[in-house]
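Please read the structure below before turning to the comments.
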Amino acid sequence: MSTEKSQESKRRTSQPPRYMLIFPLLALVIYGVLFVLTPEQALVALKSSGKACLNILPSLALVFVVMLSLNLFIKPAQIVRLLGSGANIKGILLSVAAGIISMGPIYVWYPLLKELREKGAGNMPIAVFLYNRAVKPFLLPVMVISFGWVYVGILTVVTVLASVVNGYLVARFTKMKTG
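Throughout the sequence shown, residue numbering follows this note's numbering, covering 163 to 341 in sequence.
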């Protein structure tokens with residue numbers, strides 16, 4: 163029975179689900195229809211999409227390098243120890259710091275977070291990471307100019323503390339749902 167489940171699991175992970183092809187195919191169909199109806203506007207839309215893809219390429223490359231490094235140098239047992247469901251203060255602080263220093267669009271980080279989760283990272287550290295994406299060191303000077311040191315200091319500290327509370331609540335609620 164367990165070998166059947168493992169074979170089924172391997173089969174599922176070796177091929178992407180068919181529903182993942184819906185969006186790219188739908189986009190191709192829409193572009194095709196637009197090229198037939200209004201070729202000039204379709205070309206403008208295609209160029210705009212190309213520029214957007216080029217803009218996210220550096221962030222995507224960074225995430226892939228991080229994923230490669232994690233796969234090469236960090237073992238799942240280390241991830242579980244630092245970021246597992248019972249993550250200690252080191253793991254939480256690591257999630258806070260990683261969320262603050264992470265760059266690029268958030269959706270680029272989703273594959274890495276999914277991979278960490280599959281290797282044993284808990285819901286709390288992932289939620290803490292996502293929450294701390296709101297704190298950006300390079301934006302702090304602009305915020306200080308706009309709102310003042312006191313406001314920015316309080317906001318930053320409250321955001322970091324709230325991320326831990328949020329992470330704890332996400333972990334508790336997801337555990338209740340699954341357990």
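The beta carbon of each residue, even a glycine, is placed where N, CA and C say it ideally should be.
Once DSSP output is grouped into helix, strand and coil, what is the label at K298? coil
Give me the Cα-Cα distance between I184 and G194, rounded to the nearest whole angstrom. 15 Å
C-beta contact flag for M286 and Y330 at 8 Å: yes
From G284, Y293, Y272, residue whose alpha carbon lies closest to that of G246: G284
For G253, which of helix, strand or coil comes out of DSSP? helix
Give the C-beta separation of V319 and N294 to the nearest angstrom, bearing in mind that I take them to be a contact with Cβ-Cβ under 8 Å. Contact annotation, V319 with N294: C-beta distance approximately 12 Å; criterion of less than 8 Å not satisfied.
Helix, strand or coil: which one does DSSP assign to K342? Outside the displayed span of the chain (163 to 341) sits residue 342, for which this structure offers no information.
Count the other CB atoms, across all protein chains shown, that sit within 10 Å of the CB of I316; report buried if there are 16 or more and exposed otherwise. exposed
Apply the 10 Å Cβ neighbour rule to L244 and answer buried if 16 or more other Cβ atoms are within range, or exposed otherwise. buried
Going by alpha carbons, who is nearest to I342 out of K276, F291, I254? Absent from the structure is residue 342, since the part of the chain shown begins at 163 and ends at 341.
Using the rule of at least 16 other Cβ atoms within 10 Å of the residue's Cβ for burial, across every protein chain shown, is G310 buried or exposed? exposed
May I ask you to report which of helix, strand or coil DSSP gives S264? Three-state DSSP puts S264 in coil, outside helix and strand.
So, using beta-carbon positions, are I218 and V270 closer together than 8 Å? yes
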